[in-house]
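Chains as they are written, first to last, in the numbering used here: chain A, 277 to 392; chain B, 2 to 112.
All residues carry an ideal CB built from backbone N, CA and C; glycine is no exception.
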Amino acid sequence: KAGVTQTPRYLIKTRGQQVTLSCSPISGHRSVSWYQQTPGQGLQFLFEYFSETQRNKGNFPGRFSGRQFSNSRSEMNVSTLELGDSALYLCASSLGVLTGNNQPQHFGDGTRLSIL
Amino acid sequence: EDKVVQSPLSLVVHEGDTVTLNCSYEVTNFRSLLWYKQEKKAPTFLFMLTSSGIEKKSGRLSSILDKKELFSILNITATQTGDSAVYLCAVEEYNNNDMRFGAGTRLTVKP
């Protein structure tokens, strides 16, 4: 069974640009969560999608947005990039069943975004 | 504010040593606590703990949760250089679909 796949692996952008990151969850997983990981702040939750709906959102500005498609694949978009957006962006998937939701999230390798 | 605190932040040991990593938490509606191991890329799942006092074991790794004192420990016995990684603790809450992560413990195992 293939794991969580994130593309691209690396990205270099300049301030003011926008970027779209992609995540394909494990087959059968319907919940996709996005995290930002930086040396200073650690792993911070961005948002979670289930059945094409955003169920939960972390404390990030509106420049960070996402969506999920009917095949559970998800994209994350960051607009008007800032230097502080340089980070490893991790995607995680789980079954996400609403009742008895006791399934761990499994992570992809991440997209490393550098802002110059 | 809800938080997850891991200690120590870093640890250097020699092969064969036993280590204990700590994770304490303060969240409103605790559902589960998870341990992950992160080497260079994706955090890989180790354990999910939901009940107090029940030890989960996988090879040389084991973990236990104390819901009364609000902490968990991760033990690694007979450490190997391949155990070198950042170990992350995360807590999930009911009626919430995110995980709150601690800062991690960076473990270095020297030959």
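Asked	Found
Can L319/A and W310/A be called in contact, C-beta distance under 7 Å?	no
Between the alpha carbons of Y286/A and A363/A, how many angstroms are there, rounded?	10 Å
Is it buried or exposed for T375/A, if we count other Cβ within 10 angstroms and need 16 for buried?	Unreliable positioning characterises T375/A in this predicted model, as indicated by a pLDDT of 48, which lies under 50. A coordinate reading is not provided.
Give the DSSP bridge partners of D67/B, in chain order.	F72/B
Could you tell me the distance, in whole angstroms, from the CA atom of L359/A to the CA atom of P380/A?	32 Å
Under the rule that 16 or more other beta-carbon atoms within 10 Å means buried, what is E40/B, buried or exposed?	exposed
Check the Cβ of L89/B against every Cβ in chain A and list those closer than 7 Å, keeping chain order.	L319
Hey, does N332/A have any beta-carbon neighbour from chain B nearer than 7 Å?	yes
For Q81/B, count the other beta carbons within 10 Å of its own beta carbon; 16 or more makes it buried, fewer makes it exposed. Which is it?	exposed
Closer than 8 Å is the cut-off here; do at least three beta carbon pairs connect the region 25–32 of chain B with the region 90–110 of chain B?	yes
Report the residue from K111/B, R107/B and P112/B whose alpha carbon sits nearest the alpha carbon of T315/A.	This sequence places Pro at residue 315/A; Thr is not what is there. Of the candidates K111/B, R107/B and P112/B, the one whose C-alpha sits nearest the C-alpha of P315/A is R107/B.
Any beta-carbon of chain B closer than 7 Å to the one on F383/A?	yes
For L371/A, which three-state DSSP category applies?	coil
Under a three-way DSSP split, which group does G318/A fall into?	strand
Going by other Cβ atoms of all chains shown within 10 Å of its Cβ, with 16 needed for buried, is S327/A buried or exposed?	exposed
Which one of S369/A, Q344/A, P337/A and E351/A has the shortest CA to CA distance from T329/A?	Q344/A
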